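So the structure is just underneath, and the comments pick up after that.
Residue numbers (the UniProt record's numbering): 1 to 379.
The following block contains the structure:
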């Protein structure tokens, strides 16, 4: 079994799909591992460390992917890479399939079996493979660090001979993995933290971290969670009531972090321009959903916008990638945990069980077609 680890073609993607730790594990499975030269450079992993772990370094995509049974990436392969990959090879990456039907079709036509790590089911055996959680955890931490960096004042309350400095007020909108980590990090830095979410189960989680929960807790709120643990889209009436509550709360905040995403749909708008206009000069908004359209009106992907009233709206892209070394390490472990289930330990070869629940949930393309029911071309 030959495993290829390709460099990322997007200059804004510093993460890498394998680290020396996982290379050693692949070698222990009996795999030959080939890493494209410089693949780990932006994540702080030089080629020499891959070689020391037992990998071979290849210069080009073609040389790296030649005869590879398994191709590992962070992001979906680009069109220019597809021709270098062997027909029948398995490709595992964050595929970002929503709204990219043409790209999926191209991968299918290249004869590849593509697996989307972000579609991993939320079941017990797949927890160690959950890239969304591992990367969102880092995004929540980094959001607070970025917010503190942009905020021109101290986060904790400080009592000094020159006077008392009040603690910063941090409001987290959306209490998934990123939101919970943001709450915990802001609390560790000494901020007064509040949080909101439409899912009732999050109230206890927020309060367990020492933060205050803010939400309109009516009957709709009590049923606002899918079986998979995701937030449901709320009615216009509920959004209006929640918006009014948030509007009065947000005007008092120093740092607001938004994390709300709905799988396969644009990010919901949580903070309007009118709300931003009520915030104090020097306040900061960190929009972690900016790549999906953003939760904050006025957020711009890849930019820090300063409004007329002196509020900063931060729209950093690929926030986990801002911690490239740690993000790569966690992502590589997620990948290995999944790939290990695809390997026959006796023959030391790829032996995908197509009826396995993990495979069925993540497999996008196979045998020249798009096979995942959520992404098949419409007739």
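All C-beta atoms, glycine included, are put in the ideal place defined by N, C-alpha and C.
Only a predicted model underlies this, so the values are computations on that prediction, with no experimental measurement involved.
A distance below 7 Å between beta-carbons, with the five flanking residues on each side excluded, links residue 55 to the following residues of its chain, in chain order: 23, 33, 34 and 35.
Distance from the CA of residue 84 to the CA of residue 72, rounded to the nearest whole angstrom, comes to 14 Å. If you draw a straight line from the Cα of residue 67 to the Cα of residue 207, it is about 53 Å long. Comparing alpha carbon positions, the residue from 271, 236, 237 and 263 closest to residue 250 is 271.
Between residue 92 and residue 371, the beta carbon gap of about 15 Å keeps them out of contact (Cβ cut-off 8 Å). In the three-state reduction of the DSSP assignment, residue 169 falls in the strand class, which pools E and B. Residue 70 and residue 328 have their C-alpha atoms some 18 Å from each other. In the DSSP assignment, residue 183 falls outside any beta strand (DSSP E) and within the unbroken alpha helix (DSSP H) covering 177 to 188.
Non-local beta-carbon contacts of residue 211 in its own chain, meaning distances under 7 Å to residues more than five positions away in sequence, involve 183, 187, 193, 194 and 195 in chain order. The Cβ atoms of residue 95 and residue 114 sit closer than 8 Å to each other.
Put simply, the backbone Cα of residue 275 is about 17 Å away from that of residue 259. When 358, 363 and 277 are compared, the shortest CA-CA separation from residue 124 is found for 358. Excluding residues up to 5 positions away in sequence, 120 and 358 lie with their Cβ nearer than 7 Å to the Cβ of residue 126 in the same chain. In this model, residue 142 and residue 238 are separated by some 31 Å (Cα to Cα). Residue 268 and residue 241 have their alpha carbons spaced roughly 15 Å apart. The DSSP-derived three-state label of residue 217 is coil. Secondary structure at residue 309: coil, using DSSP grouped into helix, strand and coil.
Here the alpha carbons of residue 20 and residue 52 stand approximately 8 Å from one another. Fewer than three pairs of CB atoms, one per stretch, sit closer than 8 Å, so the segment 74 to 90 makes no contact with the segment 297 to 308. Within the segment 37 to 112, complete beta strand (DSSP E) segments of at least 3 residues are found at 56 to 58, 70 to 75 and 90 to 94, given in chain order. Within the model, the alpha-carbon separation for residue 311 versus residue 48 is close to 45 Å. When rounded, the separation of the alpha-carbon atoms in residue 46 and residue 38 is 7 Å. With respect to residue 157, residue 167 sits close: the two C-beta atoms are nearer than 8 Å. Straight-line measurement puts the Cα of residue 99 at about 26 Å from the Cα of residue 61.
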